[in-house]
Structures are given as C-alpha cells and as structure tokens.
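In full-length UniProt numbering, the protein residues as written are 1 to 162. We put the CB at the ideal spot given by N, CA and C, even for glycine.
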C-alpha cells in the first residue's frame, strides 16, 4: 500500500514545481485538511474539486489528501471523535468502532467527528503549509537555477512565466 519509490517521485515533482512556494504549500495544506475529514473514498475527488475552486495546484492538493493513510486513519478518527465530544460538552468516550468506515456506519457520530476532524485538520494544514514551504525553499537552494527562480518569485510574490 505504501510505495516508497512512488512517494519519492511525487515529492520530487512537488518540490521542483515551477510555482511560488506559497502556492505549492497552499495546495498541499488544503489537501491535508481534506485528508482529515471522515468522508472516506471522497478525499481525492474533494481535493480535485478544491483545487479547481480555489485555483490550487492539483498535484499538491491530491498528494496532501493522501497524507492520512490506512495506518493513521483509525487513531485520527478516534482523536477527532473525542475532541468533538469534548467541544460539544458531551462526556468524552471512545469511538465505538463500527464494522466498517463507511459513512452510513459513522453517521450517528457525525457532529463530533466533523467538529473534531475540522479542528485537527486545520491544525495539521497549518503545520503542513509551513513544512512544505520550508522543504520547497530548501530543495531550491540546492540548485542554483531553482534558487534564483525562487528568489525572483519571492520578490515579485507571484509565479513566473517561462
């Protein structure tokens, strides 16, 4: 399920995009936010839709939406549920794990899940934005051509045409 070479290639493609680091990072951050939502099976279509609506990079948005892997989904779902229950003033309890993670099984816990996952997703998106921004700048600093391009983009605040 976790193909290391595919992720390396995708990361390289993201870091070498000819776009402003803020634009790249914003797309990734929106994708990370989407990955925290409990709408399993819809993360990729939601990321593509968000990329079109907000004019973000589709590659970075979809990659961000894949951050929440099958290994992390259950702990994040449980934490989202607990946080949502706490914020709603309900007694904090464990999420009764249904037979599957389909929406019809999670629907009765929707309010707590959506509230908790929105807050966790927002916090994760902020961290993802700054980490991605830093990585793009660091990657570009290693290559003289990329470094001058990044410097010029920083000065103008926008993407450059080639």
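Straight-line gap, residue i to residue j (C-alpha atoms, nearest Å)
i	j	result
residue 118	residue 132	20 Å
residue 81	residue 112	5 Å
residue 36	residue 142	32 Å
residue 105	residue 77	13 Å
residue 14	residue 139	10 Å
residue 54	residue 125	15 Å
residue 164	residue 33	Here the chain comprises residues numbered 1 to 162, so residue 164 is not present and cannot be evaluated.
residue 6	residue 116	31 Å
residue 155	residue 25	17 Å
residue 92	residue 79	10 Å
residue 10	residue 121	22 Å
residue 136	residue 128	12 Å
residue 94	residue 8	36 Å
residue 130	residue 19	16 Å
residue 109	residue 42	18 Å
C-beta atoms of residue i and residue j nearer than 9 Å
i	j	result
residue 31	residue 67	yes
residue 29	residue 44	no
residue 84	residue 114	yes
residue 49	residue 57	no
residue 73	residue 40	yes
residue 38	residue 103	yes
Counting Cβ pairs, one atom from each stretch, are 3 or more of them under 8 Å apart for the region 53-66 and the region 96-112?
-> Short answer: they don't touch.
At which residue ranges does the UniProt domain "DUF2062" (6-142) contain complete alpha helix (DSSP H) runs of 4 or more residues, listed in the order of the chain?
-> DSSP assignment within the UniProt domain "DUF2062" (6-142) yields the following whole alpha helix (DSSP H) runs of 4 residues or more, N-terminal first: 21-35, 43-54, 58-65, 73-87, 103-106, 110-141.
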